[in-house]
Every structure is written in structure tokens, then in C-alpha cells.
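Chains as they are written, first to last, in this note's numbering: chain A, 1 to 119; chain B, 120 to 234.
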């Protein structure tokens with residue numbers, strides 16, 4: 001079975017602070033994908049990043065960066081110089097990719113982290 | 120990646136009635152799924168919509184309550200049957216792209232309120 005744990009339920013920061021959202025996962029699949037999504041108050045899910053299990057290279061996109069460490073089963077997300085517009089719920093998710101596996105194709109979501117950025 | 124049109128975007132329904140949510144993808148996809156997000160909660164997979172056959176339901180979800188159809192590779196419906204206030208949630212359709220593109224796309228969601 002797959003499991004995703006986001007340790008922080010809520011985080012509150014002041015604008016321009018850096019903030020890291022933690023994500024730890026469990027899976028029996030040898031091949032899998034990790035995702036981060038943003039959910040603003042409107043409710044839609046905004047895709048942020050997908051990372052393959054065989055690619056541990058960290059990634060930076062503007063103010064966003066992701067640290068994937070397979071050894072600790074973690075996929076943490078950092079927002080640098082946070083802005084009020086970053087306020088949202090952030091979900092980490094895992095998709096199994098072993099062909100024929102029971103988790104194949106299904107996304108398992110973490111509980112979500114509510115990020116509030118104050119002016 | 121694929122683009123999903125989901126409708127209705129929101130609805131307020133009377134208890135005991137049923138609502139059908141439609142999901143249209145603009146290209147053929149390998150898999151389609153339906154998720155539920157209860158207020159303040161994370162997303163939970165309801166079922167995998169199988170093209171031309173019965174959907175595969177996750178534990179805790181049954182066909183009588185959430186009948187699903189997928190008549191072709193680009194369209195699926197989810198019906199929430201005999202609704203109660205506990206069914207008030209956001210329902211999201213999602214699609215997994217072709218093998219060449221592992222992209223995962225979500226519809227904009229249906230915000231359902233049962234009164």
C-alpha cells in the first residue's frame with residue numbers, strides 16, 4: 001500500500017520568509033512518481049512538479065525548489081521569499097508505476113499543508 | 120498534457136436526489152479516475168473508470184452509491200446517488216496521459232452541497 005505523510009498541517013509565515021513543506025512517502029513499487037500540487041481557495045488543483053523515482057536531481061523553478069532524497073523517502077518543497085499569493089493548500093502525492101501493480105496509475109495524496117503568508 | 124472539462128462546477132442539491140458529473144478530456148488517455156475531497160480534507164480516490172467495463176472501486180466506495188461510466192477513451196461520468204449532507208464535497212475527475220507523457224491532469228472540480 002502507498003502512503004504519503006505531510007508533517008505540517010498548517011504553516012504561517014510573513015512575506016519574504018523562506019518556507020519548507022515536508023513530504024515523506026512509502027511505497028513497495030520500485031518505479032514511482034512524486035508530485036506536488038497547489039490548491040488555492042478556488043478549489044482547483046494546480047500542478048507544480050513531477051519527479052521520477054530514478055531521478056534524484058533536485059529542481060529549481062523560480063522561487064520554488066524541490067529536494068528529492070530516495071534514501072529517506074522524502075520529497076520536500078521550498079518556497080523562497082514567500083508571497084501572499086503563495087497562500088494555499090499544498091499536497092504531496094505519490095503514483096505507483098510498477099506494471100500490473102495494485103497502485104499503478106493511482107495517486108495517493110498526503111493530508112495537505114495549509115500555507116498562509118501574511119503581508 | 121490533456122485538458123479536462125468537468126461540469127457542473129458546483130451544485131446545490133436536495134437530499135435523496137442524484138447528481139451526475141461529467142468529465143470530457145480533449146485527447147485519448149490511458150486511465151481516468153474520480154476523487155472526492157471532503158471539506159478540509161485531502162483527496163481520496165473513489166474509483167478507476169474503465170473504458171467499456173465496470174469501474175474499479177476503492178475500499179469504502181460502492182457502485183450503488185457512485186455509479187461510474189466510461190463509454191469511450193475521453194469521457195466519463197460519476198453519479199452521486201441518494202445524496203445526503205455527508206456527500207457534500209468537491210469531486211474531481213483526473214486523467215493519466217499516454218505512456219510517452221506521464222502527465223496527470225485534473226478537472227476543475229465539482230463543488231457539491233447537499234441540503
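Backbone N, C-alpha and C fix where the C-beta goes; we use that ideal spot for every residue, glycine too.
Starting from the beta carbon of residue 227(B), find every residue of chain A whose beta carbon is closer than 7 angstroms, and list them in chain order. Walking along the second chain from the start, residue 227(B) turns up at place 108. Here the neighbours are 44.
With a threshold of 8 angstroms between beta-carbons, can residue 2(A) be considered close to chain B, or not? Within the first chain, the letter at position 2 stands for residue 2(A). It does not: the Cβ of residue 2(A) has no partner Cβ on chain B nearer than 8 angstroms.
So, residue 181(B) versus residue 204(B), is the Cβ gap smaller than 8 angstroms? Here residue 181(B) corresponds to residue number 62 of the second chain, with the count starting at 1. Here residue 204(B) corresponds to residue number 85 of the second chain, with the count starting at 1. For residue 181(B) and residue 204(B), no; Cβs fall outside 8 angstroms.
Answer yes or no: the CB of residue 132(B) versus the heavy atoms of the ligand ADP, is any distance below 7 angstroms? Questions concerning the ligand ADP fall outside what the structure shown contains, since it holds no ligand whatsoever.
Give me, in chain order, the residues of the same chain whose beta-carbon lies closer than 6 angstroms to that of residue 213(B); leave out the 5 immediate sequence neighbours on both sides. Here residue 213(B) refers to the residue found at position 94 of the second chain. Within the same chain, residue 213(B) has close Cβ partners 152 and 225.
Can you list the residues of chain A that residue 180(B) reaches, using a CB-CB cut of under 8 angstroms? By 1-based counting over the second chain, the position of residue 180(B) is 61. For residue 180(B), there are no neighbours in chain A by C-beta distance under 8 angstroms, as the nearest C-beta there is about 13 angstroms away.
Examine chain A for any beta-carbon lying closer than 8 angstroms to the beta-carbon of residue 172(B), and answer yes or no. Mapped onto the second chain, residue 172(B) falls at position 53. Output row for residue 172(B): interface = no.
With which residues is residue 59(A) paired in a DSSP beta bridge? Stepping through the first chain from its first residue, residue 59(A) is reached at position 59. DSSP output for residue 59(A) lists 66(A) as bridge partner(s).
Quick check on residue 134(B): buried or exposed, where buried means 16 or more other Cβ atoms within 10 Å of its Cβ? Walking along the second chain from the start, residue 134(B) turns up at place 15. Exposed, by the Cβ-count rule.
Using a 10 Å radius around the Cβ and a threshold of 16 neighbouring Cβ atoms, would you call residue 3(A) buried or exposed? Here residue 3(A) refers to the residue found at position 3 when the first chain is read from its first residue. Result: exposed.
Measuring only between beta-carbons, confirm whether residue 202(B) sits less than 8 angstroms from chain A. Residue 202(B) sits at position 83 when you count from the first residue of the second chain. With 8 angstroms as the cut-off, residue 202(B) does not count as an interface residue toward chain A.
Using 8 angstroms as the limit for Cβ to Cβ distance, is residue 137(B) near chain A? Translated into the one-based positions of the second chain, residue 137(B) becomes position 18. Answer no: the Cβ-Cβ gap between residue 137(B) and chain A never drops below 8 angstroms.
Within 8 angstroms of any Cβ in chain A, is that where the Cβ of residue 124(B) sits? Translated into positions along the second chain, residue 124(B) becomes position 5. By this cut-off, residue 124(B) is not an interface position.
Could you tell me the alpha carbon to alpha carbon distance between residue 240(B) and residue 79(A), rounded to whole angstroms? Outside the displayed span of chain B (120 to 234) sits residue 240(B), for which this structure offers no information.
Report the residue from 43(A), 105(A) and 40(A) whose alpha carbon sits nearest the alpha carbon of residue 254(B). No statement about residue 254(B) is possible, as the shown extent of chain B runs from 120 to 234 and does not include it.
So which of 195(B), 227(B) and 162(B) has the shortest CA-CA distance to residue 91(A)? Numbered from its first residue, the first chain carries residue 91(A) at position 91. Among 195(B), 227(B) and 162(B), the Cα nearest to that of residue 91(A) is on 162(B).
Name, please, each residue of chain B whose Cβ falls closer than 8 angstroms to the Cβ of residue 70(A). Counting from 1 along the first chain, the entry for residue 70(A) is found at position 70. Going along chain B, no residue has its Cβ under 8 angstroms from residue 70(A), so there is no contact; the nearest lies around 18 angstroms.
How close, in whole Å, do the beta carbons of residue 98(A) and residue 30(A) come, if the pair is a contact with beta carbons under 8 angstroms? As a first step, residue 98(A) must be located in the first chain, where it is residue number 98. As a first step, residue 30(A) must be located in the first chain, where it is residue number 30. For a cut-off of 8 angstroms, the C-beta gap from residue 98(A) to residue 30(A) is around 6 angstroms, short enough to register as a contact.
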